[in-house]
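Have a look at the structure below before the remarks.
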Amino acid sequence: MNQVLINGVYYPIHSPIITRRINPWKAQLGSGSLVYSDFQNAELEEYFDFRNGIGKQRGLGSDARVYWSEGIDFTTEGQTVLGALDTTAGSFGVAPVKIIDFQSGTYAIGTSLISKWNTSTSAWDSVDTSLASPIDAIVLTDDTDEYLVVSSATSAIYTTDGSSWSTLVSWKTPDSVTDTSSVWTDEALAIDGSTATFAYQSVAQNTYSGYLQFNLTTAIYTDSIRIFADAADGGNLTADIDFYYNGAWNNVSEGTIAQDAWVTKTHTSKNLVSKARVRLKHDWGGGVQNVELNEFAFQGQVLGYLADFENRLYGITTDGQYVLYSTAKNIDDIAGSFSLTGNFGTVYDFFEGKLLADGTPTLYFCGTQGLYSLDTTNEIAYKQEVSYPPITNAGNVGIYWNANVWVSTGYGILKVAPSVATYVGPDLDDGLPSGYQGKVYDFATVNNWLVFCVNGGSTDKSSILKRNSTLGGNLQVYTTASTNKPIACMHHSPSSLYTNGRLWFGEGTDVKYMMFPDTTSNVKQIATYTYLNDSGYGQLPIFRKLAAISKTALGVAAITKSCSATDYIQVFYGLNGAAATTSLGTFITSPKPTALTFASGLGTAFYTIQFAIKLFQGATSTNSPELESLMFYYIPTPGTILSWAFRIACTDENSAETIVALEAIRDTNTLVPFYPSGDPNKTSFNVKLTQLSERVMYEEQGAKQGYLDIQIEEVFKG
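According to UniProt numbering, numbering within the sequence shown proceeds without interruption in unit steps and concludes at 718.
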């Protein structure tokens, strides 16, 4: 007699065992508009929109994302094309720190070198070599002229024509003078602006005069003064000069000076100086004579990081301790300085903006310790309620743009809006791939795009990315061909200056540029736009839908434009975590090229799969193949789940107990072991008793007898 073993109990059966494969998928009833699944049995995943940007390594579908790309433009939905062609702009020779437009020309700035781009010779023409270690540059206008100002941490130079450069200093006449010992005559003449008049005191040989004290209503950040003095009858003249700062007098210089001429004396350090004092002596052998002090002035300058605010040029020192500013509407006349209290770390940027709470114009500065707004009236810096790690080059760049403040945080970007701050940088999600990581160094804005560079330093490749301020998503624009090619600065020149607009950037010691239109984001609408010859990989997210279930990859189809034997798209894939570098084939026709199949149409098994694409161009630089849609066909092929149907006879004296036992198995919550062979040494299955149909009758004593139709099913197979 045949029998089965269920949950440790043998049951005799009186029918064949019918084994069936169960469909593990639930039945679905479609409705609404037509979809791909209405016309085929295979599953389909379509990729056509990548505007949500890079950084998504794994996904359940396309997610409108890519993991990483090089040289592919995903800006427009349903239009994937080659990236822009980059060009090396002549030979610059040093690492550029700033690139800027001034009076219809473009200037690149590096250590001891400022050069202007010559559009006729396609070369850099040096215009100044006087400023070592520049850190900032700005173009601004006052009531008299337009200026290009370039600064370092300790000084600044400027030009009004691009060729003649001057140190940005002005000499500030003291607001008052004090004869501290009441021994000078006509002391006010020492600050009347004329070297023909003077204050004087009669002193003996080698005897110092009393001090003349020169006072400032507004302190000035300085290390230098100049003096015009004379010994009336002859001999050498010695001047002893002190600054007052930090609550004490500090010596600037003591020694012989030239007479009847301006003499400049410089202290060992810059400080916020509110007054100075001078005393004079002579060594004339004739005895008593007058020492004369014709004029005295403090040197004022703006240096450090620069900003244009309220018709003034402002500067801030790299430690954030001092703010310097010019006279309103007179850029080259330095008005004063003030100090700030706090630990600001290293300051990297200074810019004009508006308070996010009420739109009041203000200044911001940022650095390793955070983002600050600056109240220039009350001379107070307010730390904004945002934070980021105080690492080197955190806060390297900031900008007020599109009613938000954007600041780099080292490896990321913080977008600060009223009452909310959001991280939006390339370090989100899965971040940048290994070998492409770096710190955000500079911003440029073009229409609705925030363009920023990621400086990989000496160990990683550097890149330029862009982010749409409305849609979001960071998209790759450019990546260096090798490591140790830092990109530390960028600048965008408008289409009114260069055809189709131009994005300039420093790469190592070179300056490069590429087209970056400011008239449209859709480069296919520009007939003269020039593309790369070929791209790197555009890596899509790893497709991990139903990752634990085996699937079979069938093919990849596409809708394309402008494809040919020379302008084509190549598709790559990688299975189960492998890099997507195995070529599946190429699309060389449009609009519907021949689909690419796996294993000549037989399919390839996988759990997860990643796709990548490359685009190639022929001989025409204004051509690019175009991918509108990429479609992946596959079928899930899960492990077989079985069911068994058979009949058990309950006709003996134990029939009632048999029926009760089977009903208990049916009602139990857990699975039970099942041996269809009836032999516990052979294959077993973990099953659920899903159907128990009774064909029984009641005997005189009330016991059941008859036949039970049983259906047992596997419900899970890992």
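All residues carry an ideal CB built from backbone N, CA and C; glycine is no exception.
Let me make sure I understand the geometry here. Which of the options has the alpha-carbon closest to that of residue i?
i: alanine 481; options: Thr19, Gly71, Gln57 and Asp142; result: Gly71
i: glutamine 201; options: Ile114, Asp175, Ala229 and Ala219; result: Ala229
i: serine 693; options: His267, Tyr364, Asn681 and Ile710; result: Ile710
i: threonine 180; options: Ser209, Val169 and Ala153; result: Ser209
i: valine 440; options: Gly412, Asn448, Ser91 and Trp449; result: Gly412
i: glutamine 299; options: Asp332, Gln289 and Thr317; result: Asp332
i: aspartate 233; options: Pro174, Asn448, Asn290 and Gly472; result: Asn290
i: glycine 285; options: Gln205, Glu254, Thr80 and Thr195; result: Gln205
i: isoleucine 588; options: Thr185, Thr327, Leu627 and Ile609; result: Leu627
i: glutamate 657; options: Gly706, Ile613 and Ser621; result: Gly706
i: arginine 544; options: Ile6, Ile17, Asn7 and Gly61; result: Gly61
i: phenylalanine 716; options: Tyr607, Pro676 and Pro638; result: Pro638
i: threonine 119; options: Leu113, Tyr107 and Thr111; result: Tyr107
i: isoleucine 157; options: Leu363, Val386, Asp652 and Ser112; result: Ser112
i: alanine 190; options: Tyr211, Asp125 and Thr207; result: Tyr211
i: serine 130; options: Leu313, Thr167 and Lys116; result: Thr167
i: glutamate 310; options: Ser655, Leu374 and Leu414; result: Leu374
So residue i packs on residue j, CB below 8 angstroms; how close in whole Å?
i: aspartate 567; j: glutamine 525; result: At roughly 18 angstroms, the Cβ-Cβ gap does not stay under 8 angstroms, so aspartate 567 and glutamine 525 are not in contact.
i: aspartate 142; j: asparagine 330; result: 6 angstroms
i: alanine 239; j: valine 203; result: At roughly 13 angstroms, the Cβ-Cβ gap does not stay under 8 angstroms, so alanine 239 and valine 203 are not in contact.
i: serine 535; j: glycine 83; result: 6 angstroms
i: aspartate 460; j: threonine 479; result: With 8 angstroms as the limit, aspartate 460 and threonine 479 do not qualify as a contact, their Cβ atoms being about 10 angstroms apart.
i: serine 89; j: tyrosine 633; result: At residue 89 the sequence reads alanine, which differs from the serine that was named. The Cβ separation is near 47 angstroms, so there is no contact.
i: threonine 360; j: threonine 392; result: Between threonine 392 and threonine 360 the Cβ distance is about 32 angstroms, and since that is not below 8 angstroms, they are no contact.
i: threonine 560; j: tyrosine 573; result: That pair is no contact at about 18 angstroms.
i: alanine 307; j: phenylalanine 350; result: 5 angstroms
i: tyrosine 436; j: glycine 457; result: The pair is not a contact, with the Cβ atoms about 12 angstroms apart (cut-off 8 angstroms).
i: phenylalanine 365; j: lysine 275; result: Actually they do not touch by this definition, with Cβ atoms about 28 angstroms apart.
Going by beta carbon distance, what residues of the same chain come within less than 6 angstroms of residue i, once the five residues before and after it are set aside?
i: isoleucine 712; result: Trp644, Phe674, Val687 and Leu689
i: threonine 76; result: Asn522
i: asparagine 474; result: Gly53, Ile54, Pro426, Leu465 and Arg467
i: proline 625; result: Ser562, Cys563, Asp567, Tyr568, Ile569 and Leu615
i: serine 15; result: Phe646 and Arg647
i: arginine 20; result: Ser643
i: serine 253; result: Ile241 and Lys265
i: methionine 490; result: Asp442, Ala444, Cys453 and Phe505
i: glycine 30; result: Residue confidence is low: glycine 30 scores 48 on pLDDT, short of 50, so the model does not pin down where it sits. No coordinate-derived value is stated.
i: leucine 503; result: His492, Met514 and Phe516
i: leucine 148; result: Phe102, Val139 and Thr159
i: glutamate 45; result: Gly61 and Phe632
Hey, quick one: how far does the beta strand (DSSP E) through residue i stretch, first residue to last?
i: isoleucine 135; result: 134–141
i: arginine 544; result: Neither: arginine 544 is in no beta strand (DSSP E) and is coded neither H nor E.
i: leucine 272; result: 262–282
i: glutamine 369; result: Where glutamine 369 is concerned, there is no enclosing beta strand (DSSP E), given that its DSSP letter is neither H nor E.
i: aspartate 242; result: 237–245
i: arginine 312; result: 312–316
i: proline 673; result: 672–675
i: isoleucine 413; result: 413–417
i: phenylalanine 632; result: 626–636
i: cysteine 453; result: 449–455
i: proline 96; result: 96–102
i: aspartate 186; result: First-last for aspartate 186: undefined, no H or E at that position.
Would you mind reading off the limits of the alpha helix (DSSP H) that contains residue i?
i: isoleucine 17; result: First-last for isoleucine 17: undefined, no H or E at that position.
i: threonine 658; result: 655–667
Keeping to the same chain, check which residues put their C-beta closer than 7 angstroms to that of residue i; ignore five residues upstream and five downstream.
i: asparagine 251; result: Asp242
i: threonine 121; result: none
i: alanine 578; result: none
i: proline 494; result: Gly501 and Asp518
i: serine 600; result: none
i: valine 571; result: Val556, Leu584, Gly585, Leu596, Phe611 and Ile613
i: glutamine 28; result: Interpretation of glutamine 28 is limited by its pLDDT of 47, a score under 50 that renders its predicted location unreliable; the figure taken from the coordinates is listed afterwards. Around glutamine 28: no qualifying Cβ.
Spatial neighbours of residue i within its chain, please: C-beta separation below 8 angstroms, excluding the five flanking residues on both sides.
i: leucine 272; result: Ala219, Ile220, Tyr221, Tyr245, Tyr322, Ser337, Phe338 and Ser339
i: glutamine 3; result: Tyr10, Tyr11, Pro12, Ile13 and Gly678
i: threonine 530; result: Ala84, Leu85, Met515, Ser621 and Thr622
i: leucine 56; result: The displayed chain sequence assigns lysine, not leucine, to residue 56. If we look at lysine 56 and ignore the five residues flanking it on each side, its Cβ neighbours are Asp63, Arg65, Val66, Tyr67, Asp429, Asp430 and Pro541.
i: glycine 8; result: Pro673
i: serine 469; result: Trp401, Asn402, Asn404, Asn448, Trp449 and Leu450
At a cut-off of 6 angstroms, is residue i close to the ligand SAH when judged by its beta-carbon and the heavy atoms of the ligand?
i: isoleucine 227; result: Of ligands this structure carries none, so the ligand SAH is not represented either.
Open item on the list: Using a Cβ distance threshold of 8 angstroms, determine whether the segment 291–301 contacts the segment 130–150, with at least three qualifying pairs required.
Closed with: no
Open item on the list: Taking contact to mean 3 or more Cβ pairs, one atom from each stretch, closer than 8 angstroms, check whether the segment 324–343 and the segment 377–385 are in contact.
Closed with: yes
- [ ] Evaluate contact between the segment 346–365 and the segment 390–400, counting only Cβ atoms and requiring at least three cross-stretch pairs below 8 angstroms.
- [x] yes
Open item on the list: Between the segment 92–108 and the segment 552–562, can you find at least three pairs of beta-carbon atoms closer than 8 angstroms?
Closed with: no
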